[in-house]
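The next block holds one structure in the form of structure tokens; read it before the comments.
2 protein chains.
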Amino acid sequence: MGVVLAFDGAEAGKRASIEPLVKLVEPDMARVNESILARAKSHVELIPEIATHLINSGGKRIRPMLTLAAARMCGYEGEHHLKLASSVEFMHTATLLHDDVVDESDLRRGKQAARVIWGNQASVLVGDYLLGQAFRMMVETGSLEALRILSNAACVIAEGEVLQLSVSQDTSTTEDAYLQVIGAKTAALFAAAAEVGAVVAGRPREEQAALESYGRNLGIAFQLINDALDYSGSTEKLGKGVGDDFRERKITLPVVLSYRRGNKEERAFWKRTLEGGDQKPDDLAHAKALMERHNALEDTVDRANHYGDISRDALAIFPDSGWKAALLEAVDFCVARAY
Amino acid sequence: MGVVLAFDGAEAGKRASIEPLVKLVEPDMARVNESILARAKSHVELIPEIATHLINSGGKRIRPMLTLAAARMCGYEGEHHLKLASSVEFMHTATLLHDDVVDESDLRRGKQAARVIWGNQASVLVGDYLLGQAFRMMVETGSLEALRILSNAACVIAEGEVLQLSVSQDTSTTEDAYLQVIGAKTAALFAAAAEVGAVVAGRPREEQAALESYGRNLGIAFQLINDALDYSGSTEKLGKGVGDDFRERKITLPVVLSYRRGNKEERAFWKRTLEGGDQKPDDLAHAKALMERHNALEDTVDRANHYGDISRDALAIFPDSGWKAALLEAVDFCVARAY
Chain A
8 MGVVLAFDGA EAGKRASIEP LVKLVEPDMA RVNESILARA KSHVELIPEI ATHLINSGGK
68 RIRPMLTLAA ARMCGYEGEH HLKLASSVEF MHTATLLHDD VVDESDLRRG KQAARVIWGN
128 QASVLVGDYL LGQAFRMMVE TGSLEALRIL SNAACVIAEG EVLQLSVSQD TSTTEDAYLQ
188 VIGAKTAALF AAAAEVGAVV AGRPREEQAA LESYGRNLGI AFQLINDALD YSGSTEKLGK
248 GVGDDFRERK ITLPVVLSYR RGNKEERAFW KRTLEGGDQK PDDLAHAKAL MERHNALEDT
308 VDRANHYGDI SRDALAIFPD SGWKAALLEA VDFCVARAY
Chain B
8 MGVVLAFDGA EAGKRASIEP LVKLVEPDMA RVNESILARA KSHVELIPEI ATHLINSGGK
68 RIRPMLTLAA ARMCGYEGEH HLKLASSVEF MHTATLLHDD VVDESDLRRG KQAARVIWGN
128 QASVLVGDYL LGQAFRMMVE TGSLEALRIL SNAACVIAEG EVLQLSVSQD TSTTEDAYLQ
188 VIGAKTAALF AAAAEVGAVV AGRPREEQAA LESYGRNLGI AFQLINDALD YSGSTEKLGK
248 GVGDDFRERK ITLPVVLSYR RGNKEERAFW KRTLEGGDQK PDDLAHAKAL MERHNALEDT
308 VDRANHYGDI SRDALAIFPD SGWKAALLEA VDFCVARAY
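Protein sequence lines correspond, in order, to chains A and B.
Take 8 as the starting number for the first sequence in the numbering used here and just add one per residue.
Take 8 as the starting number for the second sequence in the numbering used here and just add one per residue.
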């Protein structure tokens, strides 16, 4: 594909990387990974089987990383952030299991989805189990405030998924309606993951709010870049098939923009392929060409940069530190993935 | 059907009733019902639509009743038991939604199951939403101990459902294995619902444990009677179709007993109809005849009485009161439903 995406989030001459953050959280993350595997255990064999399939399948663990780094940036030196980080990853994993059932996806992170191997039934139930375990771990931290934030996120995520069901396959979805969906589906957990880092560290409300905003806007940027990559990236980079969103008839921002900017004939194309589900072999290539004609991918990345900027600014109230620098560069990296 | 079930749980000459309990909890339950409807609200229309469909479809609300009555028997005069009772009902409702998807049931409480009307996708997601709301309400009570008990129950329930997947359609399931499944699937929530009543009232561990045991054993008795009714009751009484368990190829205690006690030919019948799923029009009648031959329904009710006895004895440490009497009679009633 000839789409070249403009990028102006990172400093000139330096390629933004997630590595500084990964390195800093490494000792904590090793313990989170241990606890995740330990908590996915059950005398009911199917549970660890499915859970470890998902857990070992190479997710980026970005959400628990946010919890760990936020807590450390706030000067926390205890151990409860490890449990909260594990909870956050379990909530995410539970969502993935249920998502795959709802979307009828066959691939997840480049591997067969659990539902394909073990069936929808097991995916629903193991998701429920992991959600229960997530709450169990939160309770162990004794932080009612963290419980409030994460149970709230659980509701908002489910609400976002239901909302997506009702707006799905509607090509005339507005950009605002779409942002509402990803704000709930993706950004709510990013926001909660970062916020509970400040909570566990006992930091004042102002810093909690700053981390909430950092996480929320990073989450939106992250999702928008995913949307662009689904039409321009490589399967390897994306962890799922390029063109999956098109084949699964998902309305994402590149489609929203292309549909609005298109002429009558183009809108008919989007309606036929995404609302009607009538897709021919050349349709994905045509979809990409329409996106190129209307600058839809570049503009999706531009929008992502906008949220990335808000995310970075939210951290301004924190004193400089290695943690803060790594969290800021993580934003650059998320947006720069578009390359 | 000519099955007459022996019953010796209630006092001679008096028919056990759930009415005393229903009457006592009525003022509290009215407020729980209000809060359930208020909490099933969402700006995402599908959520209240599905939630109220289920909530208004005539469930007996026995689980939240246990929480309310347990708290009151323990002398509680605050309001947090209302939130816990609502949480318990939401957890139960979420389980029903996911259960119907997993079991591919068409009926729930005598009405079309939500998944038939709105689809599996919405049932999975609205279940997730209700579970999130349940935790939200628990957090509002500020009781970490209630949160611990109920999040634990959520895990155990999901574990039980997964376990059932793996033992399902295995006619050689032992009685113990079956009890393990219903101990997790049904009794864990009954136990937690009753236990948190003592917790919210700040009662000592001994009384918490007594109510946990009361709820757990009542739950097992309740499920065993359901199992018997599915082969002997009326659809009206059961809130679902008689013979559903057979058609859905569920292994329940009447089957476990009939299979073990049967000869080679009879075992082949159970294998063909339940493991193989090859069912002919007369098979349900034949299944009932085999159960009659082996006393399987009477003995299932006998087993239920055994757990009912344990449940009643668990309450012995509490001083006599109207609440205690009503909770005891509720056990009699649950077992007497077999008529």
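The C-beta atom is built at its ideal place from N, Cα and C for all residues, glycine as well.
It should be emphasised that the depicted structure is a prediction, and the values quoted were computed from it without experimental measurement.
Between residue i and residue j, is the Cβ-Cβ spacing less than 8 Å?
| i | j | result |
| --- | --- | --- |
| A165(A) | L196(A) | no |
| M72(B) | S328(B) | no |
| L89(B) | R22(B) | no |
| H105(B) | V188(A) | no |
| I76(A) | W330(A) | The question names Ile, but residue 76(A) in the sequence shown is Ala. Yes. |
| L61(A) | T102(A) | no |
| V51(B) | V169(A) | yes |
| G190(B) | I227(B) | yes |
| Q140(A) | T193(A) | no |
| L236(A) | L28(A) | no |
| V133(A) | I57(A) | yes |
| A216(A) | T74(A) | no |
| E96(B) | R68(B) | yes |
| L304(A) | Y238(A) | yes |
Please check if any C-beta of chain A sits within less than 8 Å of the C-beta of residue i.
| i | result |
| --- | --- |
| G9(B) | With a pLDDT of only 39 at G9(B), under the threshold of 50, the placement of this residue in the model should not be trusted; the figure read from the coordinates follows. Not one chain A Cβ lies under 8 Å of G9(B). |
| D113(B) | no |
| K81(B) | Sequence inspection shows Cys at residue 81(B); the Lys mentioned does not correspond to that position. No, C81(B) lies away from the interface with chain A (no Cβ there is under 8 Å from its Cβ). |
| A13(B) | Model confidence at A13(B) stands at a pLDDT of 42, short of 50, so the residue's coordinates are unreliable and nothing is read from them. |
| I54(B) | yes |
| A360(B) | The question about residue 360(B) has no answer here: the residues shown for chain B are numbered 8 through 346. |
| E18(B) | Legend: pLDDT at E18(B) = 44, less than 50; position of this residue unreliable, no value from coordinates given. |
| R279(B) | no |
| D327(B) | no |
| L151(B) | yes |
| S158(B) | yes |
| S49(B) | yes |
Residue i CB to nearest chain B CB: under 8 Å?
| i | result |
| --- | --- |
| S173(A) | yes |
| E168(A) | yes |
| V146(A) | yes |
| V249(A) | no |
| R143(A) | yes |
| S93(A) | no |
| L132(A) | yes |
| H87(A) | no |
| V123(A) | no |
| H313(A) | no |
| Q176(A) | no |
| A129(A) | yes |
Kindly indicate which residue of the options has the alpha-carbon position closest to the one of residue i.
| i | options | result |
| --- | --- | --- |
| D251(B) | P34(B), D107(B) and A58(B) | D107(B) |
| A294(A) | G149(A), R310(A) and V263(A) | V263(A) |
| N233(B) | A23(B), L31(B), A343(B) and S112(B) | A343(B) |
| I43(A) | V206(A), L236(A) and R143(A) | R143(A) |
| R254(B) | A201(B), W277(B), L186(B) and A92(B) | W277(B) |
| E152(A) | D35(B), I156(B) and M145(B) | M145(B) |
| V174(A) | E305(A), K257(A) and G283(A) | K257(A) |
| N270(B) | L157(B), D290(B), L61(B) and M298(B) | M298(B) |
| G347(A) | A184(A), D316(A) and N127(A) | Nothing can be reported for residue 347(A), as the shown portion of chain A is limited to 8 through 346. |
| A205(A) | S220(A), E336(A) and E282(A) | S220(A) |
| L218(A) | Q176(A), R70(A) and E147(A) | R70(A) |
| E111(A) | N127(A), L186(A) and D320(A) | N127(A) |
| Q176(A) | T259(A), Q215(A) and A201(A) | T259(A) |
| R212(B) | G149(B), A311(B) and I324(B) | I324(B) |
| M36(B) | S49(B), Y136(B), E147(B) and G66(B) | G66(B) |
| V163(B) | V32(A), S49(A), E26(A) and A311(A) | S49(A) |
Short of 6 Å in beta carbon distance, which residues of its chain neighbour residue i, apart from the five on each side in sequence? Order them along the chain.
| i | result |
| --- | --- |
| R225(A) | What sits at residue 225(A) in the sequence shown is Leu, not Arg. Closer than 6 Å at the Cβ level, and outside the excluded window around L225(A), lie F197, S318 and V338. |
| Q286(B) | T280 |
| L138(A) | A101 |
| V11(A) | At V11(A), the pLDDT of 40 sits below 50, so the modelled position is not reliable and the matter cannot be decided from this model. |
| H301(A) | S265 and R268 |
| A321(A) | A217, S220 and Y221 |
| G284(A) | R256 |
Check whether the Cβ of residue i lies closer than 7 Å to any heavy atom of the ligand FMN, and answer yes or no.
| i | result |
| --- | --- |
| S93(A) | The model on display carries no ligand, and the ligand FMN is accordingly not part of it. |
Can you name, in chain order, every residue of its own chain whose Cβ lies under 8 Å from the Cβ of residue i, other than the five neighbours on each side?
| i | result |
| --- | --- |
| D113(A) | Q119, A120 and V123 |
| T59(B) | L44 and A47 |
| R274(B) | T178 and Y266 |
| T181(A) | V263 |
Whose C-beta lies closer than 7 Å to the C-beta of residue i among residues of the same chain, with five residues either side of it excluded?
| i | result |
| --- | --- |
| A78(A) | H88, G204, V207 and A208 |
| S24(B) | E336 and F340 |
Using a Cβ-Cβ cut-off of less than 8 Å, list which residues of the stretch 185-215 of chain B approach chain D; keep chain order.
Absent from the structure is chain D; the protein chains it does hold are A and B.
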